[in-house]
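Before any comments, here is the structure.
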Amino acid sequence: MDSLEIDPFNSDRFLYGTGMTLYGSNDLTKWDSGGVITIKPFVFGQEEMSVQDLSVPPTGPLLYSAMGDVSGYTHTSLTSPPSTAWLTPTFRSGKSVDFAELKPAFVVRSGDATSTSNPYFGVSNDAGSNWYSPSGTVSGVTGGGHVAVSSDGNNIVWAPGGASAVYYSSTQGNSWTASTGVPAGAYVSSDRVNPLKFYAASGSSVYLSIDGGKTFTTGPTLAGSTLSSSRPLKAVPGLEGVVYLALGTNGFYVSTNSGSSFTKISTVTGADAFGFGIAGPGPYKVAIYISGTIDSVAGFFRSDDGGASWVRINDNLHQYGATNIAVAGDMRVYGRVFVGTNGLVVAPDLPLPRKLVPLQQRLQQQRLQQQRLQQQPLLKQHQQLPRQLQRLQQQPPPLQLQRLQQQQQQQQHPLQTAVLNMDNVEEDRFEIE
């Protein structure tokens, strides 16, 4: 708990912060008489967590997120939070998550266990709805490390923290065997087409496996470069052997021959994190999203031509904290990208400009819009009123009065109801416009 504060103007209201979100209550004085108070989150979509990994499947849920402080989440909506975090296994912190590209309902994840006797690895066969801990174990593990699954889901490569090697499994994690030719603790990634290809990166070297992670061969060494990104190596969905590599201030590289050689992309001077999304118009297979530096400007960028040119997708007023861990484009919606932050959870890219708007200001805007919509049919009624009055003058007086009263109620009631409903809202909430 960070701090607890009681509202000096409302004895029923208090707030306290944690590493997850801002909690509070509006009935604190019930405690005075021994009653039970209600505690709930007081903000929406403003949890304080550290995003460790993001993975966006082409079908099923919108997003998988591995989170610090909790295991992670399966996101099925961008407007409401998941109902629960990942359980069985429950991690102290989620570290890595991946799905089988050609079988996206098969998902694997790794994380820091709640104790040394608890599991560090989990599997789901139903797109992250349910999880289980396979029976296989690896000795010496102290952390979740990185995990990758083949495109068909039959092979898994795991580089757990603290272990003496990288390991592979062809039994969905029920048994593990040490890989050869690759350093322990390397970052691992799978080819998104060929189920037998895996890539790894460690130090200034890249490694390739063509047998499902059993053996790796050393690829090129990028002189003067070391990995500065926690997710430095990713293969392009739908293109076998096309791999991108982020090296921080040393730039951004691409390989079209399964990592045998890399070419530096001259337009990028700094590459912290990147991901792929569905392509826009044109011949390229994917859009590339990057958190990095281009033309001496730090920000988020998108390329629709393989990295030859870039468009900035944020502005100076929309920056975030640490964004060098996880970036993932949406494979269903062009232009949408998810950026992992350290403390603000996941920021989805929205059309610019965006600004934080107090909810009461937003409600006032909605009131005015509703009034305009309501006034449109009322204006038509007023325009028809002379003809209606002419007809009413030919009717007996009691019927004229009754009709006019009904018409007045119909004109006034809708607007009054809308205003009353909109006023019944707490004042401290904010929405993204």
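Counting with this note's numbering, you get residues 12 to 444 for the letters of the sequence shown. Positions of the beta carbon are idealized from the N, C-alpha and C atoms, including for glycine.
For residue i, report the span of its beta strand (DSSP E) as first-last.
{"i": "K106", "result": "F102 to A111"}
{"i": "D123", "result": "K114 to A124"}
{"i": "L219", "result": "S216 to S220"}
{"i": "T85", "result": "G83 to H86"}
{"i": "T148", "result": "No beta strand (DSSP E) holds T148; DSSP gives it neither H nor E."}
{"i": "K245", "result": "L244 to A246"}
{"i": "F263", "result": "F263 to S266"}
{"i": "Y295", "result": "That residue, Y295, is in no beta strand (DSSP E); it is neither H nor E in DSSP."}
{"i": "M78", "result": "L74 to M78"}
{"i": "G173", "result": "Note, G173: premise wrong, no beta strand (DSSP E); not H, not E."}
{"i": "P68", "result": "Here P68 belongs to no beta strand (DSSP E), and DSSP marks it neither H nor E."}
{"i": "A339", "result": "V338 to G340"}
{"i": "A212", "result": "F209 to S213"}
{"i": "H157", "result": "G154 to V160"}
{"i": "F53", "result": "Taken as a continuous stretch (DSSP letters only), F53 belongs to no beta strand (DSSP E), as it is neither H nor E."}
{"i": "G133", "result": "F132 to S135"}
What is the DSSP secondary structure of residue i, counted as helix, strand or coil?
{"i": "L415", "result": "Because L415 sits at a pLDDT of 49, beneath the cut-off of 50, its placement in the model cannot be relied upon, and the following sentence gives the value as read from the coordinates. If DSSP states are grouped into helix, strand and coil, L415 belongs with the helices."}
{"i": "L33", "result": "strand"}
{"i": "K41", "result": "helix"}
{"i": "L379", "result": "helix"}
{"i": "E251", "result": "coil"}
{"i": "G196", "result": "coil"}
{"i": "L15", "result": "strand"}
{"i": "G184", "result": "coil"}
{"i": "A257", "result": "strand"}
{"i": "S22", "result": "coil"}
{"i": "M433", "result": "Since pLDDT at M433 reaches only 25, below the 50 mark, its modelled position is unreliable, and the value read off the structure follows with that caveat. If DSSP states are grouped into helix, strand and coil, M433 belongs with the helices."}
{"i": "I305", "result": "strand"}
{"i": "N353", "result": "strand"}
{"i": "V344", "result": "coil"}
{"i": "F273", "result": "coil"}
{"i": "A282", "result": "strand"}
{"i": "F227", "result": "coil"}
{"i": "I167", "result": "strand"}
{"i": "G331", "result": "Correcting the residue identity first, residue 331 is Tyr in this sequence and not Gly. DSSP places Y331 in coil when its eight states are reduced to three."}
{"i": "T99", "result": "coil"}
{"i": "Y446", "result": "Residue coverage of the chain in this structure runs from 12 to 444, which leaves residue 446 outside it and unanswerable."}
{"i": "G310", "result": "strand"}
{"i": "V322", "result": "strand"}
{"i": "T191", "result": "strand"}
{"i": "V62", "result": "strand"}
List the whole-angstrom C-beta distance separating residue i from residue j, where the pair is believed to meet the contact cut-off of C-beta under 8 angstroms.
{"i": "Y210", "j": "V279", "result": "With 8 angstroms as the limit, Y210 and V279 do not qualify as a contact, their Cβ atoms being about 20 angstroms apart."}
{"i": "S186", "j": "V160", "result": "Between V160 and S186 the Cβ distance is about 15 angstroms, and since that is not below 8 angstroms, they are no contact."}
{"i": "A284", "j": "D64", "result": "No, A284 and D64 are not in contact; Cβ-Cβ is about 10 angstroms, not under 8 angstroms."}
{"i": "G155", "j": "Y131", "result": "5 angstroms"}
{"i": "F25", "j": "L39", "result": "5 angstroms"}
{"i": "I289", "j": "R343", "result": "6 angstroms"}
{"i": "G340", "j": "G286", "result": "5 angstroms"}
{"i": "P171", "j": "V193", "result": "Their Cβ separation, rounded to whole angstroms, is 13 angstroms, which puts P171 and V193 out of contact at 8 angstroms."}
{"i": "T334", "j": "V350", "result": "5 angstroms"}
{"i": "Y179", "j": "K114", "result": "About 18 angstroms separates the two Cβ atoms, so there is no contact after all."}
{"i": "I221", "j": "L207", "result": "6 angstroms"}
{"i": "F227", "j": "S190", "result": "6 angstroms"}
{"i": "S61", "j": "N261", "result": "With 8 angstroms as the limit, S61 and N261 do not qualify as a contact, their Cβ atoms being about 25 angstroms apart."}
{"i": "R103", "j": "S162", "result": "Rounded, the Cβ-Cβ distance is 30 angstroms, inconsistent with contact."}
{"i": "A174", "j": "V149", "result": "5 angstroms"}
Going by Cα to Cα distance, which pick from the options is closest to residue i?
{"i": "G223", "options": "V168, N268 and A195", "result": "V168"}
{"i": "A319", "options": "G346, Y295 and S302", "result": "Y295"}
{"i": "T229", "options": "L73, D316, S272 and D315", "result": "S272"}
{"i": "F312", "options": "T267, L379, V348 and Y179", "result": "V348"}
{"i": "T70", "options": "G317, H86 and F263", "result": "H86"}
{"i": "P248", "options": "Y84, A111 and S107", "result": "A111"}
{"i": "S465", "options": "P72, S121, P68 and T232", "result": "Outside the shown range of the chain (12 to 444) lies residue 465, about which nothing can therefore be said."}
{"i": "V67", "options": "K51, V322, V108 and N136", "result": "V108"}
{"i": "G196", "options": "A189, S213, T182 and G184", "result": "S213"}
{"i": "S266", "options": "T260, G259 and T274", "result": "T274"}
{"i": "T125", "options": "G105, N136 and K114", "result": "G105"}
{"i": "V297", "options": "D315, A309, D306 and V193", "result": "D315"}
{"i": "N205", "options": "L250, V199 and T226", "result": "L250"}
{"i": "P231", "options": "K225, K208, L256 and S162", "result": "L256"}
{"i": "Q183", "options": "N261, V177 and F117", "result": "F117"}
{"i": "G346", "options": "G291, S22, G133 and I50", "result": "G291"}
{"i": "N136", "options": "T127, I17 and V119", "result": "V119"}
{"i": "Y198", "options": "T127, A176, N37 and L207", "result": "A176"}
{"i": "I48", "options": "D23, F263, V308 and I17", "result": "D23"}
{"i": "T304", "options": "D13, S14, G147 and A282", "result": "A282"}
{"i": "V158", "options": "S277, N129, S128 and D123", "result": "D123"}
Is there contact between the region 24-38 and the region 70-77, where contact requires at least three CB pairs shorter than 8 angstroms?
Flag = no, the region 24-38 and the region 70-77 do not touch.
Answer yes if the region 244-254 comes into contact with the region 210-224, meaning at least three C-beta pairs across the two stretches below 8 angstroms, and no otherwise.
yes
Does the region 86-98 touch the region 38-50, meaning 3 or more C-beta pairs lie closer than 8 angstroms?
no
Determine contact between the region 129-143 and the region 98-105, defined as no fewer than three beta-carbon pairs at a distance below 8 angstroms.
yes
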